[in-house]
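Undergrad: Going by UniProt numbering, the first residue of the sequence shown is number 1, and it counts up by one from there.
C-beta atoms are modelled at their ideal positions from N, C-alpha and C, and glycine is treated no differently.
Dumping the structure here so I can ask a few things about it.
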Amino acid sequence: MPHPLGIELLTVLGMGPVEHVTLAADLGCRAVSMGLSQLPFNPHGYPAWSLREDAGLRRELTAVMRERGIVISIAEGLGVSAEIDASERASDMDLFAELGALRVNSVDMGVERERALDQLARLSEMARERGMEFSIEFCPVFTFRNLGEALEAVRYIGEGDATVLIDSMHFFRSGGTVRQIAELDPALIGHVQLCDAPRKGRGDYMQEAMRARMIPGEGELPLREFVDALPRGQTLGLEVPLFAEAEEGRPARDYVSEIVTKTRELLA
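Here you go:
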């Protein structure tokens, strides 16, 4: 398969980082996205964890990633905020660099555009200083709503210093087309997140993005054509949080395995 798969942080719904990496490796995946602390939902009731506060956990995570051949494809949780200045992210950046993260991903949750651009530029510089790449994620309800607006932010920062993260749901729901992907300079694509969804929204967008994503091949997005238009070898991070499955007590290993298997079948 020309596109290695990764398992995104949201997909494992609070699972500890060592278990997350182990599961990804067991399923033949190459990467994970990672945050420094447990997300604020935990339907499986996993023990609380924090990579900020637990140096032993960081060492254990580093060792298992090395042993199992897994990398952190994107560092999560470093979004642009109206309350936090980019400079306050320095210690988190240091920890992600220590963990060998390849790329910092940043989102902006409706921050005023000029501030968002300046903060993104500073975060990009901080990532570069630590040997990491930097990507900007767009979404219909963020400040940068679509691919075109995200590319404007990349140009503001400098095309050699930033790329875009393309989430398949956000991309198609913001009016994106497969042709846009095929015509995009591959060097501008930093990371891709894959899920399926209905073509049109059915309520609050962020609630749907959290709770209504679907396994690739089970929705209405043209994912096969989308992936075929991507650069060969582009890692696809599977971001498919199956809350209903988790809340019904189905083990994460079972449904994450199903996500991986069905994605491979779709792309075969």
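Using only CA atoms, which one of L151, R224 and F172 lies nearest to L188?
TA: With distances taken between Cα atoms, L188 lies closest to L151.
Undergrad: With 16 other CB atoms within 10 Å as the buried threshold, where does F172 fall?
TA: Counting every other CB atom within 10 Å of its CB across the protein chains shown gives F172 a total of 16 or more, marking it as buried.
Undergrad: Following the continuous beta strand (DSSP E) through D228, name the residue where it begins and the one where it ends.
TA: That residue, D228, is in no beta strand (DSSP E); its alpha helix (DSSP H) goes L223 to A229.
Undergrad: Taking 8 Å as the limit between beta carbons, can you name the residues of its chain near A90, skipping five residues before and five after?
TA: Annotation for A90: M126 place their beta carbon closer than 8 Å to its own, counting only its chain and skipping 5 residues before and after.
Undergrad: Helix, strand or coil, according to DSSP, for I70 in the structure here?
TA: The three-state secondary structure of I70, taken from DSSP, is coil.
Undergrad: Put F134 into one of helix, strand or coil per three-state DSSP.
TA: Strand, per DSSP.
Undergrad: Take G69 and list the residues in its own chain whose beta-carbon comes closer than 8 Å to its own, dropping the five residues that flank it on each side.
TA: A25 and R30
Undergrad: Excluding five sequence neighbours on each side, which residues of the same chain lie with their C-beta closer than 6 Å to the C-beta of F134?
TA: V104, S124, A127 and A162
Undergrad: Could you check what DSSP says for H20 in three-state terms: helix, strand or coil?
TA: Note: H20 maps to helix in three-state DSSP.
Undergrad: Using DSSP with H/G/I as helix, E/B as strand and the rest coil, what is A48?
TA: coil
Undergrad: Could you give the C-beta distance for I72 and L99, rounded to a whole number, given that I count them as a contact under 8 Å?
TA: 6 Å
Undergrad: Please specify which runs of the alpha helix (DSSP H), each continuous and at least 4 residues long, are wholly inside the stretch 172 to 206, giving them in chain order.
TA: 178 to 183
Undergrad: Taking its Cβ as the centre, do 16 or more other Cβ atoms sit within 10 Å of E129, making it buried, or is it exposed?
TA: exposed
Undergrad: For K262 and I181, I'd like the C-alpha separation in whole angstroms.
TA: So the two alpha carbons sit approximately 23 Å from each other.
Undergrad: What distance in whole Å lies between the Cβ atoms of V111 and V141, which are believed to be in contact at a cut-off of 8 Å?
TA: So it is not a contact: roughly 12 Å between Cβ atoms.
Undergrad: For R250, which of V18, L36, T22 and G45 has the nearest alpha-carbon?
TA: G45
Undergrad: Just to check, is the beta-carbon of E125 closer than 6 Å to a non-hydrogen atom of the ligand GTP?
TA: Because no ligand of any kind appears in the structure shown, any question about the ligand GTP cannot be addressed here.
Undergrad: Please state if the CB of D196 and the CB of L221 are separated by a distance shorter than 7 Å.
TA: yes
Undergrad: So, are the CB atoms of L61 and P17 less than 7 Å apart?
TA: yes
Undergrad: In its own chain, which residues sit with a C-beta less than 8 Å from the C-beta of L95, not counting the 5 before and 5 after it?
TA: Answer for L95: L36, L51, R52 and R58, listed in chain order.
Undergrad: Identify every residue that forms a DSSP beta bridge with M109.
TA: For M109, which the question treats as bridged, DSSP gives no partner whatsoever.
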